[in-house]
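K.L.:
Chains as they are written, first to last, in UniProt numbering: chain A, 1 to 461; chain B, 1 to 461.
Rendered as structure tokens:
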């Protein structure tokens, strides 16, 4: 009943990449550099108090094409990688499409998502540097869970600041982080200056990713003897670098199968999964070997940075304590509708992904939440994997492209990233099943209010 | 840093078994047959109203060694099988043991457990027979989730009766079944005669597996035109047969690696995972090829059917509406402590597993809940998989055997079944983490009260 391609292609342990691929090295124009509020380009020295040294090297290096994966990280990759490249035969049959639909499934580890790929790297480098404490923030909770696993493995203390409304609505996410040994604090909290300031002004604040970042950074800076650092799960160049393991494995597995994607699709919140998935295929496009490959970033209509945002320098956090990145942004003060479920709520976007979009190498589409859940449930029933709502954005776009193939009769090869599972998103699924899910799309006025929070930097832009 | 054995061994799609293995065919003494309350051996005709025809054939056949897996079931197995055989290197290192620890991981599918292996088979046979409706009960929810997936795939309507306290305590389990299209009713309900009877006597009843079974069977029998059937997730011979896919894949993967287990360990609730995992290895023992292999069933001290139960004919359900099985039982009226988390709460045990235990081929140990959670958390931090509490019973026993090897210096090969993930058990993990989990072990008086509910059948036992 099936073709010669198996449902699941597993590479061998030996085929796990030995190096991460740095797409910036092959970009004809590099992403704009990170800057300080005064307009100066951020240096290694500027970032040293916040990030582990090896990670800063990776963050600032636009030229080195490959960074060797440290052996202890690669050892841990072997516990859950290579992840399977899956042929969605059941979905293809149900759609009646001649397209070949593949997805790289990153949900087959306890963290439930691709986030573990970077968490292991970041925790390892912190431990190798002799640091003792790491801090982070989490919203939907996938990143916090992954970093909790990584911190447990490398023997680091982890403080997670969890956006208060998520902390209250997703107790199981908190529990799983605690099970792995992390300390989870609802943000805003009274344990940091940044938190106390917010609480003084807004005693009932339910928190935001921006505030949680500010708290986590402050906590890292106050660890005695300079042995604490802050870690971030997306947006940064280093994270896109680590996530290239997704793309490299996909590339190799498709080579084994004898396919090459015509279209590569990923959901986009901060852009790390998308940037990692597309990396080797984008390289082929940039160097002219595969000029016709299409790349599609899929974002929620409720938080449409790539499709309706501005390409500008903006703060990475709402608290405006972090450096600025040149990226598609809705403004650091933009707050997506609380109706929106799951992740993909970030105001900005990876500078690498932003640059590729700006230069015309990558398309972006914004999709509505109810359509996303409809696609996710269809996929679950056919492929028996319950996708995370984030991943379902990519599923929806893949279905639409496959339906176009049905119309045109073209047997295109479509690859999308299935970033994770939806076990912790049952409240949202239930809301959808009851017909109570809404589709907020920000008005132009709402967007303008967000844009007003984009700073202007003297002598830049 | 590792040996030549990879962390994960994946067989190819072609190596998925083409037939289930029926261990009964190689047992020197067969399990006792299912009987009706009047003592007569249950016939195909007796079971026809309740089970799909092909499943009755499998249930009653003690002689056929192999049943071909229907191609549509094998197609669906390809979506998530072969499951990985994993080497627990991190655990071995942490224990400092010379033992080689392997686990067969069945949690890598959305249902989160091995239950899907039988759910797909049972739903397929119902659909192939032209039936339209299936019914079942669920407690912890793994079986209900798996059958919901299977029913969605084969286009069957599914009614799940979910033990009321689980329905209320585990809303996400209910949500995931509903997402796959099942109808979930808290039991006892007013929708069946059996439910109404219980509610009349006990208006505040929080339900039991036994009552839920009675409701599900009644519902199946009332589907118009005889097109409904009841399906069960464990205990039955047919389920052990379907779960042999776990053992067959483990056997083949170990052969590829060049290992053979000295000890095979599985958790035991109804016995289907254990029976399936051990099947081909037990065959080797029974036929004298591998006489020294040890088999260990691990059960909760709070529900100790194999270690403290009686080997006797007993009803499969508390409502005493089902046929009787000869098995280790605590009595159909035994109700395990509500302190006990997760599954493994069944009063009886698979007749196949029971017979093997009775005849001395299989050992059984009962373990305490807090020890189980301690082992589960240790495993999670080392192997990055958060185990289901049921699976953690096997983990604990494997750790204890590996620690013995550390003392003796023997490099034994240990295989255990990691039946599923603990995503839906965070309430229990949280309770453990807070030090609020207790260890109820039934007193002799409590056991006697259960034994008093074991029926005596005229002319039998």
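All C-beta atoms in this analysis are idealised placements derived from N, C-alpha and C, irrespective of residue type, glycine included.
Helix, strand or coil: how does DSSP classify residue 437 of chain B here?
P.N.:
In the second chain, the residue the question calls residue 437 of chain B occupies position 437. Coil, per DSSP.
K.L.:
Kindly indicate which three-state DSSP category residue 113 of chain A falls into: helix, strand or coil?
P.N.:
What you label residue 113 of chain A is simply residue 113 of the first chain in a count that begins at 1. Here residue 113 of chain A sits in strand by DSSP.
K.L.:
Using beta-carbon positions only, say whether residue 368 of chain A and residue 209 of chain A come within less than 9 angstroms of one another.
P.N.:
One-based indexing of the first chain puts residue 368 of chain A at position 368. One-based indexing of the first chain puts residue 209 of chain A at position 209. Their beta carbons are not under 9 angstroms apart, which means residue 368 of chain A does not touch residue 209 of chain A by this criterion.
K.L.:
By DSSP, does residue 241 of chain B sit in helix, in strand, or in coil?
P.N.:
Position 241 of the second chain, counted from the first residue, corresponds to residue 241 of chain B. It is helical.
K.L.:
Among A/338, A/169, A/389 and A/335, which has the Cα closest to the Cα of residue 266 of chain A?
P.N.:
The residue labelled residue 266 of chain A in the question sits at position 266 within the first chain. Nearest of A/338, A/169, A/389 and A/335 to residue 266 of chain A, Cα basis: A/389.
K.L.:
Cβ-heavy atom distance between residue 236 of chain A and the ligand HEM below 8 angstroms?
P.N.:
This structure lacks the ligand HEM; in fact it carries no ligand of any kind.
K.L.:
What residues in the region 147–178 of chain B bring their beta carbon closer than 8 angstroms to a beta carbon of chain A?
P.N.:
Taking 8 angstroms as the Cβ-Cβ cut-off against chain A, the residues of the region 147–178 of chain B that qualify are 149, 152, 153, 171, 172, 175, 176 and 178.
K.L.:
Between the region 379–393 of chain A and chain B, which residues of the former have CB atoms less than 7 angstroms from a CB of the latter, in chain order?
P.N.:
The region 379–393 of chain A vs chain B, Cβ under 7 angstroms: 380, 381, 383, 384, 385 and 386.
K.L.:
Assign residue 460 of chain B to one of three DSSP states: helix, strand, or coil.
P.N.:
For this step, residue 460 of chain B is matched to residue 460 along the second chain. Correct three-state label for residue 460 of chain B: coil.
K.L.:
Is the region 258–276 of chain B close to the region 223–231 of chain B, with three or more CB pairs under 8 angstroms?
P.N.:
Flag = no, the region 258–276 of chain B and the region 223–231 of chain B do not touch.
K.L.:
My assumption, with CB atoms under 8 angstroms, is that residue 194 of chain B sits in contact with residue 319 of chain B. Please give the rounded CB distance.
P.N.:
Walking along the second chain from the start, residue 194 of chain B turns up at place 194. Walking along the second chain from the start, residue 319 of chain B turns up at place 319. Confirmed, about 6 angstroms.
K.L.:
Could you name the residues that DSSP lists as bridge partners for residue 229 of chain B?
P.N.:
Taking the first residue of the second chain as position 1, residue 229 of chain B is located at position 229. Residue 229 of chain B pairs with B/134.
K.L.:
Shortest alpha-carbon distance to residue 259 of chain B belongs to which of B/170, B/89 and B/102?
P.N.:
Along the second chain, one-based indexing puts residue 259 of chain B at 259. That would be B/102, whose Cα lies nearest to the Cα of residue 259 of chain B.
K.L.:
Give me the subset of the region 273–292 of chain B whose CB atoms are less than 7 angstroms from a CB atom of chain A, sorted by chain position.
P.N.:
For the region 273–292 of chain B, which is checked against every Cβ of chain A, not one residue is closer than 7 angstroms.
K.L.:
Quick one: is residue 30 of chain B buried, meaning 16 or more other Cβ sit within 10 Å of its Cβ, or exposed?
P.N.:
Your numbering for residue 30 of chain B matches position 30 in the second chain. Exposed is the call here.
K.L.:
From residue 220 of chain A to residue 419 of chain B, what does the alpha carbon distance come to, in whole angstroms?
P.N.:
By 1-based counting over the first chain, the position of residue 220 of chain A is 220. By 1-based counting over the second chain, the position of residue 419 of chain B is 419. Between residue 220 of chain A and residue 419 of chain B, the C-alpha separation is close to 39 angstroms.
K.L.:
If distances are taken between C-alpha atoms only, which option among A/409, A/443 and A/158 comes closest to residue 223 of chain A?
P.N.:
Translated into positions along the first chain, residue 223 of chain A becomes position 223. Taking only the C-alpha atoms, the option nearest residue 223 of chain A is A/158.
K.L.:
Can you grab the Cα-Cα spacing for the pair residue 91 of chain B / residue 145 of chain B, in whole Å?
P.N.:
Within the second chain, residue 91 of chain B is the residue found at index 91, counting from 1. Within the second chain, residue 145 of chain B is the residue found at index 145, counting from 1. Their Cα atoms are separated by approximately 30 angstroms.
K.L.:
At 7 angstroms on the CB atoms, spell out the chain B contacts of residue 104 of chain A, in chain order.
P.N.:
Position 104 of the first chain, counted from the first residue, corresponds to residue 104 of chain A. Under the 7 angstroms cutoff, chain B gives no residues; its nearest Cβ is about 15 angstroms from residue 104 of chain A.
K.L.:
Name the chain A residues that come within less than 7 angstroms of residue 426 of chain B, Cβ to Cβ?
P.N.:
Translated into positions along the second chain, residue 426 of chain B becomes position 426. Under the 7 angstroms cutoff, chain A gives 172, 175 and 176.
K.L.:
Interface residues of chain B around residue 180 of chain A at Cβ under 8 angstroms?
P.N.:
In the first chain, counting from the first residue as 1, residue 180 of chain A sits at position 180. Chain B residues near residue 180 of chain A: 380 and 381.
K.L.:
Which residue or residues does DSSP assign as beta-bridge partners of residue 60 of chain A?
P.N.:
Here residue 60 of chain A corresponds to residue number 60 of the first chain, with the count starting at 1. BP columns for residue 60 of chain A are empty, so no partner.
K.L.:
Taking 9 angstroms as the CB-CB limit, is residue 445 of chain B close to chain A?
P.N.:
On the second chain, position 445 is the one that residue 445 of chain B refers to. Answer no: the Cβ-Cβ gap between residue 445 of chain B and chain A never drops below 9 angstroms.
K.L.:
Excluding the 5 residues flanking residue 328 of chain B on each side, which residues of the same chain have their C-beta closer than 6 angstroms to its C-beta?
P.N.:
Stepping through the second chain from its first residue, residue 328 of chain B is reached at position 328. Excluding residues within five positions, the ones whose Cβ falls inside 6 angstroms are 305, 306, 309, 311, 349 and 354.
K.L.:
Output, in sequence order along the chain, the residues in the region 344–378 of chain A whose CB is closer than 7 angstroms to any CB in chain B.
P.N.:
Here the close residues are 377.
K.L.:
What is the DSSP secondary structure of residue 44 of chain B, reduced to helix, strand or coil?
P.N.:
Working through the second chain from its first residue, we reach residue 44 of chain B at position 44. Residue state, collapsed to three classes: helix.
K.L.:
Can you have a look at residue 471 of chain B and say buried or exposed, based on whether 16 or more other CB atoms are within 10 angstroms of its CB?
P.N.:
Absent from the model: residue 471 of chain B. The displayed extent of chain B is 1 to 461, so no value can be given.
K.L.:
If I'm right that residue 172 of chain B touches residue 426 of chain A with Cβ under 8 angstroms, what's the distance once you round it to whole angstroms?
P.N.:
In the second chain, counting from the first residue as 1, residue 172 of chain B sits at position 172. In the first chain, counting from the first residue as 1, residue 426 of chain A sits at position 426. That belief holds up - the Cβ atoms of residue 172 of chain B and residue 426 of chain A are roughly 4 angstroms apart, short of 8 angstroms.
K.L.:
I'd like to know whether the C-beta atoms of residue 142 of chain A and residue 343 of chain A end up nearer to each other than 9 angstroms.
P.N.:
Locating residue 142 of chain A in the first chain gives position 142, counting from the first residue. Locating residue 343 of chain A in the first chain gives position 343, counting from the first residue. Result yes, Cβ atoms of residue 142 of chain A and residue 343 of chain A sit closer than 9 angstroms.
K.L.:
Just mark residue 190 of chain B as buried or exposed, buried being the case when its beta carbon has 16 or more other beta carbons within 10 Å.
P.N.:
Looking up residue 190 of chain B in the second chain gives position 190. The residue in question, residue 190 of chain B, is exposed, as its Cβ has fewer than 16 Cβ neighbours within 10 Å.
K.L.:
To the nearest angstrom, report how far apart residue 115 of chain B and residue 180 of chain B are at their CA atoms.
P.N.:
On the second chain, position 115 is the one that residue 115 of chain B refers to. On the second chain, position 180 is the one that residue 180 of chain B refers to. About 15 angstroms.
K.L.:
Along the alpha helix (DSSP H) that carries residue 339 of chain B, what are the first and last residues, could you check?
P.N.:
Within the second chain, residue 339 of chain B is the residue found at index 339, counting from 1. No alpha helix (DSSP H) contains residue 339 of chain B, which DSSP labels as neither H nor E.
K.L.:
Just the Cα atoms here: how many angstroms apart are residue 333 of chain A and residue 448 of chain A?
P.N.:
What you label residue 333 of chain A is simply residue 333 of the first chain in a count that begins at 1. What you label residue 448 of chain A is simply residue 448 of the first chain in a count that begins at 1. So the two alpha carbons sit approximately 11 angstroms from each other.
K.L.:
Would you please state the rounded distance, in angstroms, between the beta carbons of residue 351 of chain B and residue 39 of chain B? I believe it to be under 8 angstroms.
P.N.:
Indexing the second chain from 1 puts residue 351 of chain B at position 351. Indexing the second chain from 1 puts residue 39 of chain B at position 39. At roughly 16 angstroms, the Cβ-Cβ gap does not stay under 8 angstroms, so residue 351 of chain B and residue 39 of chain B are not in contact.
K.L.:
For residue 296 of chain A, tell me which candidate among A/185, A/411 and A/415 has the shortest Cα-Cα distance.
P.N.:
Indexing the first chain from 1 puts residue 296 of chain A at position 296. Per the Cα distances, A/415.
K.L.:
Less than 9 angstroms between the beta carbons of residue 206 of chain B and residue 165 of chain B, yes or no?
P.N.:
Locating residue 206 of chain B in the second chain gives position 206, counting from the first residue. Locating residue 165 of chain B in the second chain gives position 165, counting from the first residue. Result yes, Cβ atoms of residue 206 of chain B and residue 165 of chain B sit closer than 9 angstroms.
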